[in-house]
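Asker:
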Amino acid sequence: MKMIPGKTLFDDNNPDIGNPERPGEKCNDRKKEATPLERLKNLEEKIAAVVERVKALKEEKTSLERKIRELESTLDEKNQVVESLTAEKTSIKTQVEELLTELETIEL
Numbered sequence: 445m446k447m448i449p450g451k452t453l454f455d456d457n458n459p460d461i462g463n464p465e466r467p468g469e470k471c472n473d474r475k476k477e478a479t480p481l482e483r484l485k486n487l488e489e490k491i492a493a494v495v496e497r498v499k500a501l502k503e504e505k506t507s508l509e510r511k512i513r514e515l516e517s518t519l520d521e522k523n524q525v526v527e528s529l530t531a532e533k534t535s536i537k538t539q540v541e542e543l544l545t546e547l548e549t550i551e552l
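Quick note on the numbering used here: the sequence shown kicks off at 445 and runs consecutively.
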């Protein structure tokens, strides 16, 4: 719908005024133009749809944030396991090196 300068969304379309873009032509096709109440109803429906979409997006955001927290927790647990295994590996490496050193002294 093209906005006409000086008119608002709620102004009636007066068929006696004519089309300002085409002087001399009368607006006889009122069925094509929505009444202010129809336009208001249409706007209300669009707003309701937007509100529902916002609610759905908020719920999705909450769900995704919860999933992120769960994954971060799992990642922290895995990192602790990796650190533990790395420490254990270092300990075993040290023990093996000590055993190899002992073996070298026995062979001499």
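We treat Cβ as the ideally placed atom computed from N, Cα and C, and that holds for glycine.
Taking the C-alpha atoms as reference points, what is the distance between residue 490 and residue 501?
Answerer: Their Cα atoms are separated by approximately 16 Å.
Asker: Run through DSSP, which three-state label would residue 460 get?
Answerer: Since pLDDT at residue 460 reaches only 48, below the 50 mark, its modelled position is unreliable, and the value read off the structure follows with that caveat. In this structure, residue 460 counts as coil in the three-state DSSP scheme.
Asker: Grouping DSSP H, G and I as helix and E and B as strand, with all else coil, what is residue 478?
Answerer: Correct three-state label for residue 478: coil.
Asker: Look at the alpha carbon of residue 445 and the alpha carbon of residue 496, and state the distance between them as a whole number of angstroms.
Answerer: Only weak support is given to the placement of residue 445: the predicted model assigns it a pLDDT of 48, under 50, and the question is left unresolved by the model.
Asker: Does residue 460 pass the burial test, meaning 16 or more other C-beta atoms within 10 Å, or should it be called exposed?
Answerer: Residue placement at residue 460 is poorly supported in this model, since its pLDDT is 48, which falls under 50; the coordinates still yield a value, given next. It is exposed - the Cβ of residue 460 has fewer than 16 other Cβ atoms within 10 Å.
Asker: Should residue 514 go down as buried or exposed, given a rule of 16 or more other Cβ atoms within 10 Å for buried?
Answerer: When all chains shown are included, residue 514 counts as exposed.
Asker: Pull up the CB-CB distance for residue 486 and residue 478, whole angstroms please, since I reckon it's below 8 Å.
Answerer: Rounded, the Cβ-Cβ distance is 7 Å, consistent with contact.
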